[in-house]
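S.K.: Top line first, the protein sequences correspond to chains A and B.
Note that the first sequence covers residues 1 to 481 in the numbering used here.
Note that the second sequence covers residues 1 to 422 in the numbering used here.
Cβ atoms here follow ideal geometry from the backbone N, Cα and C, with glycine treated the same way.
Quantities reported herein were computed from a predicted structural model and do not represent experimental measurements.
Structure in structure tokens, see below.
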Amino acid sequence: MALTRKFVDELRAIVGKDGLIVSDEGRLVYECDMHTFYKGLPDAVVLPATSAQVQAIARACRREKIPIVPRGSGTGLIGGAMAARGGVMVGLNRMNAILEVDLPNRCATVQPGLINLWLTNAVRERGWFFAPDPSSQMVSSIGGNVSTNAGGPHCLKYGITTNHVLGLELVTGSGELVQLGGVVADRPGYDLVGAAVGAEGTFGLVTAVTVRMLHAPEAVKTALASFTSMEAAAEAVSAIIAAGMLPAALEMLDSVMIGAINAGVGAGYPEGAAAVLLIELDGPNAEVEAQAVRAAAICRERGALAVRVARDDAERALLWKGRKEAAGAVGRLAPTYLLQDAVVPRSKLPLIMRQMEEIARRHGVLIANVFHAGDGNLHPLICYDDRSAEELARAKLANEELLEAAIALGGSVTGEHGIGLDKAKNLPLQYADADLNFMYRLRGVFDPDRVMNPDKLLPAHPACGEGFRPQRPVVPAGAWV
Amino acid sequence: MASGPASAFTGPDAPDLDALRKCVHCGICLPQCPTYHVLGEEMDSPRGRLYLMRAAAEGRIALTETLGQHVDRCLGCRACETACPSGVPFGQLLEATRAQIERHGTPAHRGLLTSFLYRVFPNPARLGTLLGPLRLYQRSGLRRLVRVSGVLRLFPRLAAMEAMLPDLPRGVELPELTGARGTRRGRVGLLTGCVQRHLYPHVNRDTVRLLSVAGYDVVVPRGQGCCGALALHAGRLEEFRGQASALAASLGGEVDWIVTNAAGCGSAMKEYGHWLPDVPAAQALAARTRDVSELLAGAHLPLGRLDATVTYHDACHLAHGQRIRTQPRDLLRRIPGLKLVELMDSDLCCGSAGVYNVLEPGMADALLERKVARILESGASIVASGNPGCLLQIQKGLRARGAAIEVVHPVDLLARALTERA
């Protein structure tokens, strides 16, 4: 849809000349987020500086029934921050201030564009941190983390983003500016923060977030255990949890990923191992020391080739840098990949690992694995060359089969990345029609005219109020659904 | 696979599509990019620029003026390369893209000033000739008159150049050969550099002295020209290749290492291999080029006390271009009494970037303002950095704030602390 000149002028009046992007080249770079497979060109991009500007944009778009697509740092993995139906993309990255840090009350209020890691950086010296740590935390925004209810390696122990959001300021699709929740826990009434976290911009645009801050643990120990098979590593994961330990993180990587990370980041992961476990323990010193010994013993009992404990903070940081930049390092293996985010019950990890190897072999695809083993949250990166339609077709088949296998084992279509355009079509695998219809009506309360991030999260719906019928989302020519 | 639309890139040196495709769009580069810091716009981020380059390579867009603006606005600091886990060679892609724009497009600002800059800076003789009258300008009182008159406000790029000029020193003639002292470690050739030679001649003098004490015979070949860095970064590849070949011929004598004390020069010289694959002398020069800090790091230097609180600014073409971060810091820490304090965002560009601060004064000033604020916060009384462009830029920023902080090359401090007299 092309915007009228009058409407573009209205946007310019709201955000100013420097906050409006309408050039072809400018809009082009906003056509996708990290999931480059899904492309959708926005008709305009606005970069507001205040909540009031965001509200004025929302009102103008609602009046004209023009789609609004929120965007933070554009690091999403689900085709969430792309304009599936054109319209106005609202980049919130310039709204990146820390509004208040209130450590005595263990919270901070920030603007949505603030980069996740910058919040921890601002309080680290005082001994505090913000727990949700998606691997993209050095670039992804807190607003984006809230919208996708992002997880991360340390969510095994600390919980996911929703467990750390106390309050939200939200400009709804109806154009209202509302406060959900607040600093004090246990607000009276409905838990609307819980509903709005993970809404992926379908309720509105988050303009401020009050988050929980945590005291940094007294001690942290990070160990790397290498194994001769993915299955053995998966069994060690279950055994560690079964022994009553709750590590801060339990991450698994396969040999393909190890090679890419060593080449890309120089992290010094053991070459030649079929799988490694990155185990992090934190808490009081004595507890961490004792658990480290037990965890290492368990790994050896399960056939670990070696267990190496990081000697100092620098080595710890390097191990984590390798883990966190894994998805980027895969660029060394293939120019494009499908990144799956399915979850299986943790006890089913050895089984799904076997099935995955079989699926990869059957379709002749290269799969690199790096995932949150402690949560049973898989992240196979299925590599393909996007210049070959045939390779893409094989990658897609492997991807779908993996997803179905995970669901068959009692899992979920997504662990932490969200649904976006990518998995909306898969939701009926997990929800009954009545469940989906109910979610539709809830969305309508926040966004009565359905301007907010259309085609994302819920499968396309024929009309509000009617029975749910799955429909293909509308995406631009050339993209696959 | 059906062939798509024709690439907007043509001819030799077209940006390599396979290199462009290494970008998986993860965005880890964004927070490291100076222009993204200031503007917060995707098309002025590395990921966005790569996306535009790839779109041009795949024939989705032409080499438009808007594309040119986003490519021009890049400082070429290569902080994105340090950040990139996928190994995208951003600097080379940028230079190749600029070469295409040079060839095909004629953006508005590529006018007289640009060609003036590219003719004068990379030519030590021309630069020297020009600096004579400028010295007169500074000393005759004319500068004061011009500054008071405010006439420069009408010409922002000229004003940027004028403000940057430090007090011009008299030239220093270096001996053609300075012998090693103590245990001999080898023989090196010194690149005297265009800007370094005329604006910071004492840095060259100190470099020779330190290398000699470190055990190197130091040769300063006469008649050496420019390394070509400025032309390379601007995508003027033919000019660059000419300069690089000439330098390789004049510096390629019997030496173990070619030493430079200018980060921008060293970084460009180490890239000769990529751009001049068929010129063996250039290949050899690239392999033997070392920053002065790399050689001094491995040598014994008799250093006396120097009480000062010093902070260190990472020149982009040392930290990102050559991955040299620890050597200069370790050298400074070796000086007894010297307290090295870390500078926040020390590897975020100061805005100098060759002649960028003259061509894009607005962005350069925004970055300089941030850099100066961080320096003032650091509490240091001296800031050290290994590139003459950074020294000029930071000096200008501190002067504008009226801050009494000295801006020096690390070799300057090492030479002051040296106990063995020349």
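Using a 10 Å radius around the Cβ and a threshold of 16 neighbouring Cβ atoms, would you call A273 of chain A buried or exposed?
M.R.: buried
S.K.: Quick one, which of B:E294, B:V355, B:I382, B:M269 has its alpha-carbon nearest A287 of chain B's?
M.R.: B:M269
S.K.: Classify K65 of chain A as buried or exposed, calling it buried when 16 or more other Cβ atoms lie within 10 Å of its own Cβ.
M.R.: exposed
S.K.: Hey, is R21 of chain B's beta-carbon within less than 8 Å of any beta-carbon in chain A?
M.R.: yes
S.K.: Report the residue from B:P280, B:C23, B:M344 whose alpha carbon sits nearest the alpha carbon of G252 of chain B.
M.R.: Comparing C-alpha distances from G252 of chain B to each of B:P280, B:C23, B:M344 shows the shortest one belongs to B:P280.
S.K.: Quick one: Cα of D18 of chain A to Cα of S412 of chain A, how far?
M.R.: D18 of chain A and S412 of chain A have their C-alpha atoms roughly 43 Å apart.
S.K.: Give the straight-line distance between the Cα atoms of M43 of chain B and V29 of chain A, rounded to the nearest whole angstrom.
M.R.: Going by the C-alpha atoms only, they are around 6 Å apart.
S.K.: Comparing alpha-carbon positions, which option in A:N163, A:E200, A:M213, A:H215 lies nearest D191 of chain A?
M.R.: A:N163
S.K.: Could you tell me which residues DSSP pairs with P67 of chain A in its beta bridges?
M.R.: Bridge partners of P67 of chain A: none, in fact.
S.K.: Let me see if you follow: with CB-CB separation under 8 Å, is R93 of chain B close to chain A or not?
M.R.: Residue identity check: residue 93 of chain B is Leu in the sequence provided, not Arg. It does not: the Cβ of L93 of chain B has no partner Cβ on chain A nearer than 8 Å.
S.K.: When we look at the beta-carbon of H317 of chain B and count the other beta-carbons within 10 Å, is it buried (16 or more) or exposed?
M.R.: buried
S.K.: Measure the C-alpha to C-alpha separation of I298 of chain A and A304 of chain A and round it to an integer number of angstroms.
M.R.: 9 Å
S.K.: Within the same chain, show all residues whose beta-carbon is closer than 6 Å to that of A58 of chain A, passing over the 5 residues directly before and after it, in chain order.
M.R.: Spatial neighbours of A58 of chain A in its own chain (CB-CB distance under 6 Å, excluding positions within 5 residues in sequence) are listed in chain order as V171, G175.
S.K.: Going by C-alpha to C-alpha distance, which of B:R374, B:P175, B:L331, B:P277 sits closest to D13 of chain B?
M.R.: B:P277
S.K.: Rounded to a whole number of angstroms, what is the C-alpha to C-alpha distance between G418 of chain A and C226 of chain B?
M.R.: 54 Å
S.K.: Verify the CB distance criterion: does L414 of chain B have a CB-CB separation below 8 Å to chain A?
M.R.: no
S.K.: Return the chain-ordered list of same chain residues with a C-beta closer than 8 Å to the C-beta of I14 of chain A, the five sequence neighbours on each side being excluded.
M.R.: The beta carbon of I14 of chain A is closer than 8 Å to those of V46, P48, Q53, A56, I57, A60 in its chain, skipping five residues each way along the sequence.
S.K.: Let me know the secondary structure DSSP gives A308 of chain B once reduced to three states.
M.R.: strand
S.K.: List, in order along the chain, the chain B residues whose C-beta lies closer than 8 Å to that of N369 of chain A?
M.R.: The premise fails here: N369 of chain A is roughly 16 Å from chain B at the closest Cβ pair, so nothing lies under 8 Å.
S.K.: If we cut at 8 Å on Cβ distances, does E41 of chain B have a partner in chain A?
M.R.: yes
S.K.: A406 of chain A and L378 of chain A look like a contact to me (Cβ under 8 Å); what is the Cβ gap, rounded to whole Å?
M.R.: 7 Å
S.K.: Which residues in the same chain have their Cβ closer than 7 Å to the Cβ of W128 of chain A, if we skip the five residues on either side of it in sequence?
M.R.: L103, M213, L214, H215, A216
S.K.: Considering only C-alpha positions, which residue in the set A:V288, A:D33, A:V307 is nearest to A236 of chain A?
M.R.: Ranking the options by Cα distance to A236 of chain A, first place goes to A:V307.
S.K.: The ligand SAM and W128 of chain A: does any heavy atom of the ligand fall closer than 7 Å to the residue's C-beta?
M.R.: The ligand SAM is not among the ligands present in this structure, which contains no ligands whatsoever.
S.K.: Can you check whether the CB of D291 of chain B is closer than 8 Å to the CB of G386 of chain B?
M.R.: D291 of chain B sits close to G386 of chain B, with the two beta carbons spaced by under 8 Å.
S.K.: Less than 8 Å between the CB atoms is what I'm expecting for R63 of chain A and P42 of chain A, so what's the real figure, rounded?
M.R.: At roughly 18 Å, the Cβ-Cβ gap does not stay under 8 Å, so R63 of chain A and P42 of chain A are not in contact.
S.K.: State whether the segment 328-337 of chain B contacts the segment 367-374 of chain B, with contact taken as three or more CB pairs (one from each stretch) at a distance under 8 Å.
M.R.: Short answer: they don't touch.
S.K.: Does the structure place the segment 108-125 of chain A close enough to the segment 364-379 of chain A that three or more beta carbon pairs sit under 8 Å?
M.R.: The segment 364-379 of chain A vs the segment 108-125 of chain A: no contact.
S.K.: Can you pull out the residues from the segment 325-351 of chain A whose beta carbon lies closer than 7 Å to at least one beta carbon of chain B?
M.R.: E325, A327, G328, A329, V330, G331, R332, P335
S.K.: I'd like the list of long-range same chain contacts for V276 of chain A, defined as Cβ closer than 8 Å, with 5 residues on each side in sequence excluded.
M.R.: L224, A225, S226, F227, A233, M252, L253, I258, Y269, P270
S.K.: Between B:R184, B:L391, B:V88, B:A249, which lies nearest to L423 of chain B when the distance is taken from Cα to Cα?
M.R.: Look at the range of chain B in this structure, 1 to 422, and you will see that residue 423 of chain B is not part of it.
S.K.: Would you kindly check if the distance between the Cβ of D341 of chain A and the Cβ of G420 of chain A is under 8 Å?
M.R.: no
S.K.: Name the chain B residues that come within less than 7 Å of T36 of chain A, Cβ to Cβ?
M.R.: H25
S.K.: Return helix, strand or coil for H109 of chain B, following the three-state DSSP convention.
M.R.: Confidence in H109 of chain B is poor, its pLDDT being 47 and thus under 50, which makes the residue's placement too unreliable to answer from.
S.K.: Roughly how many whole angstroms lie between the Cα atoms of E315 of chain A and A267 of chain A?
M.R.: In this model, E315 of chain A and A267 of chain A are separated by some 9 Å (Cα to Cα).
S.K.: When burial is assigned at 16 or more other CB atoms within 10 Å of the CB, is G328 of chain A buried or exposed?
M.R.: buried
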